[in-house]
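A short worksheet on the structure shown next.
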Amino acid sequence: MNIMKIFSITTAAVLLCGVSFAQAQKSESSIQLSFSKKTDNSKIVNALVMGKKSGEKFSPAKNAHISFYAKKEKELVLITKSITDGQGKTNALLPKDLPLDTGRYFGITVKLENDSVYENSEEELRLKDVNLAIQLNPHDTARIMTATVTEITADGNVKGVKDVPINFYVQRLFGIMPAAEEHTVNTNEKGEAVFSFPKGIPGDTAGNMTVVARIDDNDMYGTVESQSPCAWGKVVPLEKDPFPREIWGAQAPWGLIITLSILYGGVWFCYFFMFFQLRKIKTEEDLTVNS
Amino acid sequence: MSKTIYPDSNIPAELSVEVIREDSLRPTRKWGRSTQIWLGCLLMVAGWGLYAYIHQLRHGLGETAMRNYVSWGLYISTFVFFIGISHSGTLVSAILRITKQDWRMPITRIAELMTFVSLLFGGIMPIIDLGRPDRIANLVIFGRVQSPLMWDVMSILTYFTGSTIFLWLPMIPDMALSRDRLTVCDSRFKKFRKWLYTKLAIGWTGSKTQWKRLELVMTIMTIVIIPVAVSVHTVVSYIFAMTLRPGWNSTVFGPYFVAGALYSGSAIVILAMVVFRKLYHLEKYITYRHFDLMGRVVLALTLIYAYLNLNEYWIPAYKMATAEGHLLHDLFSGSYSTAFWLCQFGTVLFPIIVMCFPKGRTPGMLAFICSLIAVGAWVKRYLIVVPTLLHPFLPIQDVPQDWAQYFPNWVEWSVTMGALSGILIVITLYAKLFPMMSIWEVVHGAKVEENKRIATEKGEHEEEELLKAESVHAKTSKGKTTIVMANGNK
Amino acid sequence: MQEDNKKDNKKDNKNNRRDFLRKSLITGGVLAAGAIGLEKVFSKEGEKTSTDDTTVFTRDGKVFRADMECLHEYKAPPVTNEEARKGIAGKKFVMVFDLAKCDGCKKCTEACQAMHFTEPDREWIKVYKMKDAETTAPYYMPKPCFHCDNPPCTKVCPVGATFKRQDGIVLIDDERCIGCRSCLAACPYSTRFFNWSDPIQPVAVANIPYSPEHGFPRQRGTSEKCDFCPHMIREGKMPACVTGCPMQTIYFGDQNEDAVTNSAGVTVKLSQLLEDNSAYRYMEELGTEPRVYYLPPKNRKYPKPDMESIGKEKKDDGKKPNSDMGNMVM
């Protein structure tokens, strides 16, 4: 009984100590959202969560638990839950049919709530869903591409959207590169933007490359992208001999091999000639004894 | 005894063949207490070196003082030094043979032995320096001939083979003699000796055809070994000169290394001459004249070496290019300046001055001077390898302290000293098994002297003397065969 | 009001208890791990790897944590040695450093060290504080391997353990390296490192199959250096230093595509970037033809490096001050 008492007191004391050194205070947090729509019409919301302890700078919030909601009239419908990665980033694939409000906008709300480290915070996104279609002839020598931005009106008609800035890019290994210095064209009445790709952009060994039209981070539409392969690039042939016979290469230049062979071969020939002669000395032994 | 020696003679003419033979063979017959103690001490040092190497093998090269900046240290410096010494044999033996310098005869064996031994251990040094000695077979499996290191491997193997043959060829008649005289002496390990001498004598009987063949083979070898020797030290310099590093990126490096090698190698030969002359009582054979002549050779080589030093340092010092300038400042007035100037003045300039005087070419003085040269050459190798590595193009910034400095630690010293005592062990064993003079050549030399003297006594006019001496010389080189043929017939 | 406080306190208490429990657990775990680690050190000599996957002790007893999040990158089977030696056909990788943007934060080095599980002193990409002359401006210069097109290092390798691939990358095959250190001597940029002793690496890393494309698990007696992260490139990702740079200093890309990308995902035309900024390569006169370009530190937006601080800032790290000159021991 006594032992139990002592034990419980000790536990309490230890716990009190624990209280004094671990004054948990939640970090401030903030969320940044961006929307992107790809060629295959998949819609993705990217979230970047930043956290800030008092007196420190904002830094990416790792392992923050956040939830994505779609706004349906005044309610919030949960789409998915997610945890941020090491860079404080996460994303969510949106369903195809998002509830739209009267202005044909869709709304996404992202919440950070009930997290043990971060204070609650939320962020909202309200955008219009537009389609970006591209037309091109892959072998067109003029390299002209037409990008069309359309939206579906309330009555179900497809209508071009005008004055949307569209940027034209080419796909490169690690990102998309502006196709020219002036690579932005605004859509006309019909929602069309026409762009002529410059000559001489390197493609692959057959001149193939991927061209991209994109509405970049628009306040009203987010990022909407559409891409297509074409043969407009400059042909970059494969190296004829990627592993040449060089001093630095895996195989030696013939000149070096021949020179070394002659030099060392000559010396070793002399050695072997000598061994041959010495063998003869040995075999001559008997002869001389007799003579 | 010394009174009877002609002051300017190469080999005492009045010595009989028998005396020469016995004088040469005698030291190989007894293993005195001092030899045993000496070998014991050497074995202890070598054992300690082996222990240090095993320690290094178990724990990696991290046990040495080498780090990322100074990635080559004492081992590679010693490698270059040992390879340098190996040039002695070629120089004294081959070059003097080819130029028909008859006075070389009593010292060729010593020189050739130095070559053989220093190459043996010089070749081992880079293997000790390897991070993965277990993968040495990769040199054969994946070998790239573009690598200077590969040239080193090929050259050293070729030179080692060559110098082993070159050491052995003149030994063949002597081995026959040793074999035949074994029965009359009380030598240790008789059976082993018998077997060894018989094997090495390859059935030498001293027949005319055998002499002819030996002459032919010797001539070929003498010619072949010289370019091989030059190539070895040239490619050793190439492992440095083929890089872009300030201090190594130098076109004079090939000849510079060859000159340095000859300079240190010939000095080592003189040291060995002094030692064996004393220990083996060869004063009759290795005379003041030999020292005087070898002193002149070393003097000439030191002058060449000094000249190349001038080129190697004065040219960049005049220009003071940025990176090279940093290195040169460090060598001339920085942390390496003491060693650098001691090397230049103490072991190059000072020996030149001393050796200019005949009194500076006496055995005692030369022993001192050549010790200086040997140590100086070693330190100079270190000064070529290490300071350059400490002066890369990009500054050494924010690295652990031990990366930015270098001084060999106990492992490296132990292994290096072990290798050095290994050299001495092999020399001792050799000297206790084989005659340290090429007996038949010395006998021949004595005969030449004898004939010369006779010619001088007979001759009345100077011109006639010369003519006669020459004709006699020619005769004797034919007659030699008959003299030495006696070897085989007991 | 008071009641509210009490309630809060209770809640805090609860939280704290949980916190405390967690902490004690961690402490216990660390101790246990330490004990096991010690046992291992004593029982099996030479094996210096720690049992704890994330915490590794350096030779001088300091702790560094390996970021195991990087480990998932290596789950995929590495390419064969033959493929790793050939490289990716049709590519020529280049790196560009915009020195005007570099503020010397060394985040690139950190990212690289995390990706390759290097010991803290192995800076495959090293940020130098440069000052070319007394009168010229100081600047920061990050320096990876230059992956030269005329590489002095592959020339001198006697066994072909270091080689140049068709995509321009110079790699090391640690399973072939004999440890002669010719390459360390030959590299004029002090880019290479040598594993002098048994490598210090987490067990999880030591168990990954070796590939020249990521250079680990390390082996004693072999050399290592920056490899342009070819295992990342194969996944379409950029090297760790590029993505790890918060200043968008580093651009990486394929010269054949004439495009380079930085950590913000901005892709620009390589030839134009080089032309507009009059790019240069470090020590062009050496003729090594580096695949790394520098844009001069013009109109620098960040404070210049303090040259006085060289070697001093890491003093508490056990590293004593040193600089290029004046402290060499002979």
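Top to bottom, those sequences are chains A, B and C.
Add 36 to a position in the first sequence, counting from 1, and you land on the number used in the working numbering.
Add 232 to a position in the second sequence, counting from 1, and you land on the number used in the working numbering.
Under the working numbering, the third sequence has 53 at position 73, and the numbering climbs by one with no breaks.
We treat Cβ as the ideally placed atom computed from N, Cα and C, and that holds for glycine.
Computed from a prediction, not measured in an experiment: that's the story for all the values here.
Would the beta-carbon of alanine 671(B) fall within 8 Å of that of isoleucine 327(B)?
In the sequence as displayed, the identity of residue 671(B) is isoleucine instead of alanine. Cβ distance not < 8 Å, so isoleucine 671(B) and isoleucine 327(B) don't count as in contact.
Contact criterion: CB-CB distance below 8 Å. Does phenylalanine 309(A) meet it with respect to chain B?
yes
Alpha-carbon spacing of isoleucine 315(B) relative to asparagine 481(B), whole angstroms:
21 Å
Could you list the residues in the region 220 to 238 of chain A with a C-beta less than 7 Å from some C-beta on chain C, going in chain order?
Pro238
Stretch pair the region 155 to 174 of chain C + the region 472 to 492 of chain B: three plus CB contacts closer than 8 Å:
yes
Could you name the residues that DSSP lists as bridge partners for leucine 130(A)?
Lys79(A)
Starting from the C-beta of methionine 310(A), find all residues in its chain whose C-beta is less than 6 Å away, skip the five residues before and the five after it, and write them out in chain order.
none
Contact set between aspartate 133(A) and chain C, taken where Cβ atoms lie within less than 7 Å
The premise fails here: aspartate 133(A) is roughly 30 Å from chain C at the closest Cβ pair, so nothing lies under 7 Å.
Considering just the uninterrupted stretch of the beta strand (DSSP E) at arginine 208(A), what are its terminal residues?
201 to 208
Sorted by chain position, which residues of the same chain lie with C-beta nearer than 6 Å to methionine 357(B)'s C-beta, five sequence neighbours on each side aside?
Tyr307, Thr310, Phe311
Under 8 Å between C-beta atoms, does cysteine 160(C) make it to chain B?
yes
Using a Cβ distance threshold of 8 Å, determine whether the region 567 to 577 of chain B contacts the region 613 to 626 of chain B, with at least three qualifying pairs required.
yes
Every unbroken beta strand (DSSP E) within the region 95 to 166 of chain C, with a cutoff of 3 residues, ordered by chain
106 to 110, 119 to 123, 142 to 144, 150 to 152
Of the residues Gln123(A), Val81(A), Gly87(A), which one's Cα is nearest the Cα of alanine 106(A)?
Val81(A)
Taking 8 Å as the cut-off, decide whether the C-beta atoms of alanine 117(C) and lysine 284(C) are in contact.
yes
Using the beta-carbon of each residue, which ones in chain B are nearer than 9 Å to glutamine 313(A)?
Arg445, Leu446, Leu448, Val449, Ile452
Label methionine 505(B) either buried or exposed according to how many other C-beta atoms from any shown protein chain fall within 10 Å of its C-beta, with 16 as the threshold for buried.
buried
Is it true that the region 121 to 129 of chain C meets the region 200 to 218 of chain C, where meeting means three or more beta-carbon pairs spaced less than 8 Å apart?
yes
Cysteine 20(A) bridges to which residues according to DSSP?
Here chain A has residues from 37 to 327 only, and residue 20(A) is not among them.
Just to make sure I have the definition right: I need the residues of chain B whose C-beta is within less than 9 Å of the C-beta of alanine 288(A). Which are they?
Arg376, Val377, Gln378
Give me, in chain order, the residues of the same chain whose beta-carbon lies closer than 8 Å to that of glutamate 193(C); leave out the 5 immediate sequence neighbours on both sides.
Pro58, Val59, Ala64, Leu151, Asp207, Pro210, His211, Arg214
Taking the C-alpha atoms as reference points, what is the distance between proline 132(C) and proline 189(C)?
29 Å
Assign aspartate 255(A) to one of three DSSP states: helix, strand, or coil.
coil
Taking the CB atoms as reference points, tell me whether glycine 438(B) and alanine 461(B) lie closer together than 8 Å.
no
Would you decide whether methionine 287(C) is buried or exposed? Buried here means 16 or more other CB atoms lie within 10 Å of its CB.
exposed
Starting from the Cα of valine 272(A), find the closest Cα among Leu161(A), Ala286(A), Pro238(A) and give me that residue.
Pro238(A)
Span of the beta strand (DSSP E) around tyrosine 539(B)
Element bounds for tyrosine 539(B): not the beta strand (DSSP E) but the alpha helix (DSSP H), 520 to 551.
Using alpha carbons as the reference points, say which of Ile360(B), Leu514(B), Ala278(B) lies closest to arginine 290(B).
Ile360(B)
Does the region 108 to 118 of chain A come close enough to the region 157 to 174 of chain A to have 3 or more Cβ pairs within less than 8 Å?
no
Roughly how far, in whole angstroms, is the beta-carbon of arginine 613(B) from the beta-carbon of phenylalanine 392(B), given that I think they are within contact range, below 8 Å?
Contact doesn't hold; Cβ gap of about 20 Å is too wide.
Could you tell me which chain B residues have their CB closer than 7 Å to the CB of isoleucine 283(A), listed as they occur along the chain?
Gln378
Euclidean distance between Cα positions of aspartate 176(A) and threonine 220(A):
21 Å
Inspect the beta-carbon positions of phenylalanine 97(C) and glutamine 228(C) and report whether they are closer than 8 Å.
no
The beta strand (DSSP E) spanning serine 118(A) covers which residue range?
111 to 119
Provide the residue span of the alpha helix (DSSP H) that contains threonine 182(A), from first to last.
Run containing threonine 182(A): none in the alpha helix (DSSP H); it sits in the beta strand (DSSP E), 180 to 188.
Extent of the continuous beta strand (DSSP E) to which serine 232(A) belongs:
228 to 232
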